[in-house]
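Numbering (the numbering used here), first residue to last: 1 to 273.
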Ligand SMILES: Nc1ncnc2c1ncn2[C@@H]1O[C@H](COP(=O)(O)OP(=O)(O)O)[C@@H](O)[C@H]1O
Ligand SMILES: [Mg+2]
């Protein structure tokens with residue numbers, strides 16, 4: 001099977017990107033898939049959440065500057081079947097240095113090429129920083145699909161036209177002609193509030209089938225697990241967060257096997273521009 005490359009991005013912070021990267025990856029591995037997580041956020045929360053200590057000179061920084069190969073940086077995590085390229089604070093500086101490179105949008109894409117040719121992984125999942133800077137742009141250029149977490153709160157849709165517009169530009173500028181929204185995952189759903197239900201139906205009315213059926217509940221276990229350096233299924237296997245991410249992993253696999261066919265006209269966030 002060819003590798004499926006997904007960028008988990010949303011320029012808003014705190015919407016559940018990293019939580020989704022850690023737990024989706026672990027649940028995909030539980031289904032027998034092999035996963036490489038690429039931590040592109042200088043905050044390195046996916047790195048620590050998958051049990052890796054702080055390290056030095058192990059991030060993608062010099063890979064993006066084409067000074068070393070990406071394969072040499074791959075490390076194991078606490079989860080069997082999930083490998084990672086860790087992040088560290090030095091990646092923050094990469095924004096500026098990468099911007100000076102020729103073909104700066106393609107730095108990650110080019111670095112990943114040998115790995116894609118060997119199809120070593122079923123999934124490569126990229127955790128993006130909470131911005132639409134050079135690092136996120138590199139992820140969107142390298143990915144086949146955007147996995148977009150949206151928090152169930154007021155203004156959930158606000159700002160989404162910015163990211164869909166960027167994707168349109170990447171397609172039209174030929175930087176990444178095939179980039180699509182792979183799927184939208186609604187996070188931190190609070191079943192006790194009317195607001196959460198309203199937000200989910202609003203997002204569904206805009207994005208239709210692209211929204212996964214699985215909704216991730218607000219669950220304290222999900223926020224506790226990272227401080228133990230574990231995905232939630234290794235921390236409390238039966239909590240609602242574990243169940244939800246297991247269901248999401250199944251949907252992600254299904255969608256890889258049977259991609260959605262959605263007409264352009266059904267993407268109102270783009271046409272709103
Ligand atoms: N479903 C959830 N239930 C409870 N807490 C969550 C949930 N998803 C994320 N969190 C917590 O919310 C905060 C932000 O989540 P995070 O995944 O780091 O967002 P992002 O990567 O988008 O900035 C973290 O403290 C995380 O533990
Ligand atoms: Mg994050």
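Backbone N, C-alpha and C define an ideal beta-carbon position, used for all residues, glycine too.
When you compare the CB positions of residue i and residue j, do they come within less than 8 Å of one another, or not?
i	j	result
residue 232	residue 222	yes
residue 96	residue 83	no
residue 124	residue 38	yes
residue 234	residue 122	no
residue 150	residue 139	no
residue 185	residue 33	no
residue 161	residue 11	no
If residue i and residue j are in contact, beta carbons under 8 Å, what's the gap, nearest whole angstrom?
i	j	result
residue 17	residue 8	5 Å
residue 212	residue 248	6 Å
residue 175	residue 105	5 Å
residue 22	residue 226	7 Å
Span of the alpha helix (DSSP H) holding residue i?
i	result
residue 235	232-235
residue 20	17-30
residue 194	194-207
residue 135	134-142
residue 108	107-118
Say the cut is 7 Å; is the CB of residue i nearer than that to a heavy atom of ligand 2?
i	result
residue 18	yes
residue 213	no
residue 43	yes
residue 39	no
residue 127	yes
Going by the C-beta, is residue i closer than 7 Å to any heavy atom of ligand 1?
i	result
residue 32	no
residue 159	no
residue 130	yes
residue 162	no
residue 93	no
Between which two residues does the beta strand (DSSP E) holding residue i run?
i	result
residue 213	211-217
_the region 44-52 contacting the region 61-78, beta-carbon criterion three pairs below 8 Å_ = yes
| said: Does the region 18-27 come into contact with the region 56-63, if we say contact requires no fewer than three beta-carbon pairs (one atom in each stretch) closer than 8 Å? | reply: no
Report yes or no: do the region 144-163 and the region 194-203 share at least 3 C-beta pairs separated by less than 8 Å? yes
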